[in-house]
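Visitor: Could you have a look at this structure, given as structure tokens, before my questions?
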Amino acid sequence: MNSAYIIRKIFRAFLTIWIVTSFVFLILRLSGDPTVSVLGLEASPEAVEAFHAKWGLDDPIHVQYLRFFANVFQGDMGVSILEGRSALTAVLSRLPATVSLMVISTILTFSVGIFFGVMASLYHNTHKDQIIMTVAASGFSIPTFVLGVVLVLIFSVNLGWLPSTGSATWKHYIMPVLTMTIVDAAVFARFTRSAMLEVLYQPYMKTALAKGMSWGQAVRRHAIPNAAIPVVTIMGFWIGALIAGAVIAESIFAWPGVGRLLVYSVKHRDYNVVQVIVMLISVSMVITNLIIDIIYGKLDPRVSIDRGAE
Amino acid sequence: MQNTITNGKRTLIERKGISAKTLLVIIAAIWLLAMILIGISAPLIAVHDYQQIDLVKRLLPPSWMAGGDADHFFGTDNLGRDNLSRLFYSIRLSLLVAILGTVICAIVGTTIGFVAAHFRGFVDDIIMMLVDFQASLPFMILALAVIAFFESSIVLFIGIMGIYGWERYARFARALALSAEEQGYAVAVRTFGASPVRVYVRHILPNVGNTLLVNMTLNFPKVILMETSLSFLGLGIQPPNTSLGNLVGFGRDYLLTAWWLTIIPAAAIFLTTLSMSILGDWVRDKLDPALK
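Here the protein sequences line up with chains A and B, keeping their order.
If you read the first sequence in the numbering used here, its first letter stands for residue 2, the second for the next number, and so on.
If you read the second sequence in the numbering used here, its first letter stands for residue 2, the second for the next number, and so on.
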């Protein structure tokens with residue numbers, strides 16, 4: 002694959018991060034003078050002036066914009082009003098809890114979704130296919146928060162098997178992970194199925210069978226790799242769903258992660274923390290999308306050449 | 002369905018000449034129609050004032066359960082407010098936000114897409130860059146960021162819902178407008194002296210209308226899910242107004258003693274989004290099979 006393709010993708014990734022940073026700066030400034038929310042309405046004029054001077058709020062807007070950038074890239078994103086420590090530290094201390102939840106959910110979503118998607122395609126138009134697809138269709142009509150609450154009702158309230166809040170033991174993982182997995186796995190199953198159906202009836206499958214390959218071999222060697230191409234493209238969208246799912250699941254199950262911190266900070270208007278989380282999420286999404294683009298270019302060599310003409 | 006016929010048994014559905022799928026679409030349409038009627042007539046059919054607090058009658062169960070009050074069909078909440086009336090008003094607000102959001106978004110997104118296709122070059126590049134930006138930030142996070150910096154109000158909230166998914170419309174409208182330009186009819190009316198706005202609204206829009214309509218029906222359930230999710234988190238619709246998401250969110254604290262507070266609105270959300278998805282798929286198959 003050509004390096005111009007990768008360079009173009011990396012350039013676009015930086016461009017996107019620049020836009021996100023500018024967006025954060027923009028809503029920060031549009032939302033008004035932070036002096037009032039930090040010092041309160043009854044602050045003396047001297048205190049207001051000192052605050053303005055300290056944060057450079059009297060400088061021209063482009064100077065403020067450049068300073069904001071400089072600070073962001075030095076990792077200085079202000080102090081959390083609620084916790085009294087660096088906003089970045091406050092967020093990073095929550096990161097492991099969220100990442101562990103995401104890694105488990107990712108593995109489960111992929112394996113369950115892709116497995117059932119492939120199964121449904123191989124048993125196309127039989128009862129197995131119909132059952133899998135009906136379950137999947139209702140799966141992705143359930144809002145994540147409804148799913149979470151229903152799980153609590155069944156497993157904590159009625160059966161008393163699982164704890165509904167906290168993160169101390171492995172049992173605490175089960176419901177948040179299920180909440181984050183079920184909907185996404187349903188989406189993956191449906192998408193994998195249609196991707197598989199596209200390739201199963203291609204001439205190269207007939208060729209593979211004609212030259213003496215068994216059906217199983219042909220599926221593994223020819224169908225699945227080709228079906229993987231479109232499935233990879235929806236991963237970018239899925240990362241967004243995973244993050245949104247984490248926000249909901251952590252809020253329901255009082256999971257001490259970044260998602261719950263985000264909701265809490267939005268409620269209490271802890272701007273700096275919100276800012277750090279927004280930046281963190283967009284940077285990780287940009288990086289993930291970059292990796293997906295590169296994988297995509299490798300899986301389907303046509304892409305890395307053709308995209309230039311787009 | 003083909004394989005049920007091969008069984009040799011003819012089900013009732015087959016004898017009537019409608020497939021199970023069509024039946025599902027009809028049920029979905031009836032459900033949605035009922036929801037819309039409830040939404041429109043909420044002030045008429047709600048027996049109680051949905052904000053009326055009655056501390057004597059707190060957390061009553063639905064009327065068919067032991068201890069239920071015939072006056073409150075779905076029981077009352079933690080402040081003694083009538084659940085059925087609150088449900089009606091919640092359906093009203095949730096649908097209103099979703100419909101307004103979907104319509105605003107279709108208009109905004111399509112216009113942006115047309116603008117990109119019309120001006121090309123620099124303008125097109127900037128718009129495509131914004132599409133990339135949108136794809137790099139989950140919409141829920143963007144919405145939360147905006148709500149954090151500006152106080153949440155119903156107007157702001159509808160505005161936020163009105164940009165949810167704009168990039169899909171923009172991309173569709175842009176691609177469709179570009180191919181419409183190539184088909185020549187746009188060039189033809191332009192040479193007759195039609196203004197660009199007239200060319201887009203009167204000639205290109207009707208030709209791409211089906212695709213946009215399909216996109217709207219597919220976007221609608223997503224807007225409902227986003228609205229109810231944010232309201233569930235306590236960051237969307239604010240009390241004393243109420244949406245289906247708020248009901249589930251408040252009911253969550255009473256799961257142990259009053260499950261119906263949560264399950265009834267949750268079921269309403271589930272059935273509504275499911276119906277809309279079924280209907281959306283059907284509309285897509287009818288109008289624009291290429292989108293499949």
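Built from N, CA and C at the ideal position, the CB exists for glycine as well.
Given the structure is predicted, the values throughout are model-derived calculations rather than measurements.
Using DSSP with H/G/I as helix, E/B as strand and the rest coil, what is A/S87?
Guide: Taking the first residue of the first sequence as position 1, residue 87 of chain A is located at position 86. Here A/S87 sits in strand by DSSP.
Visitor: Taking CB distances under 8 Å as the criterion, tell me whether B/Q3 reaches chain A.
Guide: Within the second sequence, numbered from 1, the residue matching residue 3 of chain B stands at position 2. A caution first: B/Q3 carries a pLDDT of 43, below 50, which makes its placement in the model too unreliable to give a value.
Visitor: What does a CB cutoff of less than 8 Å around B/W65 pick up in its chain, not counting 5 residues either side in sequence?
Guide: Taking the second sequence and counting its residues from 1, one reaches residue 65 of chain B at position 64. Hits under 8 Å: none found.
Visitor: Is B/D83 helix, strand or coil by DSSP?
Guide: What you label residue 83 of chain B is simply residue 82 of the second sequence in a count that begins at 1. Strand at B/D83.
Visitor: Is there a C-beta anywhere in chain B that falls below 8 Å from the one on A/R13?
Guide: Counting from 1 along the first sequence, the entry for residue 13 of chain A is found at position 12. Yes, contact with chain B.
Visitor: Any Cβ of chain B within less than 8 Å of the Cβ of A/N72?
Guide: If you number the first sequence from 1, residue 72 of chain A lands on position 71. Not an interface residue.
Visitor: Give the C-beta separation of A/V153 and A/M181 to the nearest angstrom, bearing in mind that I take them to be a contact with Cβ-Cβ under 8 Å.
Guide: Here residue 153 of chain A is taken as the residue at index 152 of the first sequence, counted from 1. Here residue 181 of chain A is taken as the residue at index 180 of the first sequence, counted from 1. The Cβ separation is near 14 Å, so there is no contact.
Visitor: At a cut of 8 Å, does the segment 170 to 186 of chain B reach the segment 255 to 264 of chain B through at least three beta carbon pairs?
Guide: Too few Cβ pairs lie closer than 8 Å, so no.
Visitor: Give the residues of chain A in contact with B/A136, contact being defined as C-beta atoms less than 9 Å apart.
Guide: By one-based count along the second sequence, residue 136 of chain B stands at place 135. Simply T17, G237, F238, G241, M286, N290.
Visitor: B/Q135 to A/A121, Cα distance in whole Å?
Guide: As a first step, residue 135 of chain B must be located in the second sequence, where it is residue number 134. As a first step, residue 121 of chain A must be located in the first sequence, where it is residue number 120. Looking at the two C-alpha atoms, the distance is approximately 33 Å.
Visitor: Could you check how far apart the C-beta atoms of A/L109 and A/V178 are, in whole angstroms? I think they sit under 8 Å.
Guide: By 1-based counting over the first sequence, the position of residue 109 of chain A is 108. By 1-based counting over the first sequence, the position of residue 178 of chain A is 177. Sure, about 7 Å apart at Cβ, within 8 Å.
Visitor: With DSSP collapsed to three states, give me the class of B/V48.
Guide: Position 47 of the second sequence, counted from the start, is the residue given in the question as residue 48 of chain B. Coil.
Visitor: For A/F1 and chain B, any beta-carbon pair shorter than 8 Å?
Guide: Outside the displayed range of chain A (2 to 311) lies residue 1 of chain A, so it cannot be described from this structure.
Visitor: Give a yes or no on whether 8 Å exceeds the smallest Cβ distance from A/I394 to chain B.
Guide: Nothing can be reported for residue 394 of chain A, as the shown portion of chain A is limited to 2 through 311.
Visitor: Is there at least one Cβ from chain B nearer than 8 Å to A/V100's Cβ?
Guide: Here residue 100 of chain A refers to the residue found at position 99 of the first sequence. Cβ-Cβ to chain B under 8 Å: no for A/V100.
Visitor: Output yes if chain A places a C-beta closer than 8 Å to the C-beta of B/T23; else output no.
Guide: As a working mapping, residue 23 of chain B is identified with position 22 in the second sequence. Not an interface residue.
Visitor: Kindly indicate if chain A contains any beta-carbon less than 8 Å away from that of B/I148.
Guide: The residue given as residue 148 of chain B occupies position 147 in the second sequence. For B/I148, the answer is yes, since a Cβ of chain A falls inside 8 Å of its Cβ.
Visitor: Can you say whether A/Q218 is buried or exposed, counting buried as having 16 or more other CB atoms within 10 angstroms of its CB?
Guide: As a first step, residue 218 of chain A is located in the first sequence; it is residue number 217 there, counting from the start. Exposed, because fewer than 16 other Cβ atoms sit within 10 Å of the Cβ of A/Q218.
Visitor: Starting from B/E182, follow the alpha helix (DSSP H) in both directions and report where the run begins and ends.
Guide: Here residue 182 of chain B refers to the residue found at position 181 of the second sequence. 167 to 183 is the span of the alpha helix (DSSP H), which, as asked, contains B/E182.
Visitor: Indicate whether the contact test is met: 3 or more Cβ pairs, each with one atom in the segment 275 to 289 of chain A and one in the segment 17 to 31 of chain A, closer than 8 Å.
Guide: Cβ pair count under 8 Å is three or more, so yes.
Visitor: Do three or more CB pairs link the segment 222 to 231 of chain A to the segment 196 to 203 of chain A at distances below 8 Å?
Guide: Result yes; three or more Cβ-Cβ pairs closer than 8 Å.
Visitor: Does the segment 99 to 118 of chain B come close enough to the segment 155 to 175 of chain B to have 3 or more Cβ pairs within less than 8 Å?
Guide: These segments touch.
Visitor: So which residues on chain A does B/V249 lean against when the C-beta distance must stay under 9 Å?
Guide: As a working mapping, residue 249 of chain B is identified with position 248 in the second sequence. In chain order: P144, F146, V147, V150.
Visitor: Can you confirm whether B/P139, when its beta carbon is compared against all beta carbons of chain E, has any partner nearer than 8 Å?
Guide: Considering every chain present, this structure includes no chain E. Its protein chains are A and B.
Visitor: At a cut of 8 Å, does the segment 159 to 172 of chain B reach the segment 285 to 298 of chain A through at least three beta carbon pairs?
Guide: No contact exists between the segment 159 to 172 of chain B and the segment 285 to 298 of chain A.
Visitor: On the CB-based measure, 16 or more other CB atoms within 10 Å of its CB, does A/F69 come out buried or exposed?
Guide: Start at 1 with the first residue of the first sequence, and residue 69 of chain A comes out as number 68. The residue is buried, with at least 16 neighbouring Cβ atoms inside 10 Å.
Visitor: Where does B/T77 fall in DSSP's three states?
Guide: One-based indexing of the second sequence puts residue 77 of chain B at position 76. Residue state, collapsed to three classes: strand.
Visitor: So A/M78 is in the alpha helix (DSSP H); what residue range does that whole segment cover?
Guide: Locating residue 78 of chain A in the first sequence gives position 77, counting from the first residue. Per DSSP, A/M78 belongs to no alpha helix (DSSP H) and is neither H nor E.
Visitor: When burial is assigned at 16 or more other CB atoms within 10 Å of the CB, is A/A14 buried or exposed?
Guide: Counting from one through the first sequence, the residue named residue 14 of chain A turns up at place 13. The residue in question, A/A14, is buried, as its Cβ has 16 or more Cβ neighbours within 10 Å.
Visitor: Compute the Euclidean distance between the alpha carbons of B/T212 and B/L288, then round it to the nearest angstrom.
Guide: Position 211 of the second sequence holds residue 212 of chain B. Position 287 of the second sequence holds residue 288 of chain B. If I take the Cα positions, the gap works out to 8 Å.
Visitor: Along chain A, which residues have their Cβ under 8 Å away from the Cβ of B/T263?
Guide: Indexing the second sequence from 1 puts residue 263 of chain B at position 262. Under the 8 Å cutoff, chain A gives V150, L154.
Visitor: State the DSSP-derived secondary structure class of B/P240, mapped to helix, strand or coil.
Guide: The residue labelled residue 240 of chain B in the question sits at position 239 within the second sequence. Note: B/P240 maps to coil in three-state DSSP.
Visitor: Do you know whose CA, among B/V284, B/P241, B/S20, lies nearest B/V215's CA?
Guide: The residue you call residue 215 of chain B lines up with position 214 of the second sequence. Closest by alpha carbon: B/V284.
Visitor: Can you name, in chain order, every residue of its own chain whose Cβ lies under 8 Å from the Cβ of B/T229, other than the five neighbours on each side?
Guide: As a position in the second sequence, residue 229 of chain B is number 228, starting the count at 1. Around B/T229: S95, G237, S244, L245, G246, V249, I270.
Visitor: Spell out a yes or no on whether the segment 75 to 95 of chain A and the segment 261 to 271 of chain A are touching, meaning 3 or more CB-CB pairs, one atom from each, closer than 8 Å.
Guide: Touching, per the Cβ criterion.
Visitor: Out of curiosity, what's the CA-to-CA distance linking B/V198 and B/G166?
Guide: Along the second sequence, one-based indexing puts residue 198 of chain B at 197. Along the second sequence, one-based indexing puts residue 166 of chain B at 165. Distance between the alpha carbons of B/V198 and B/G166 is about 24 Å.
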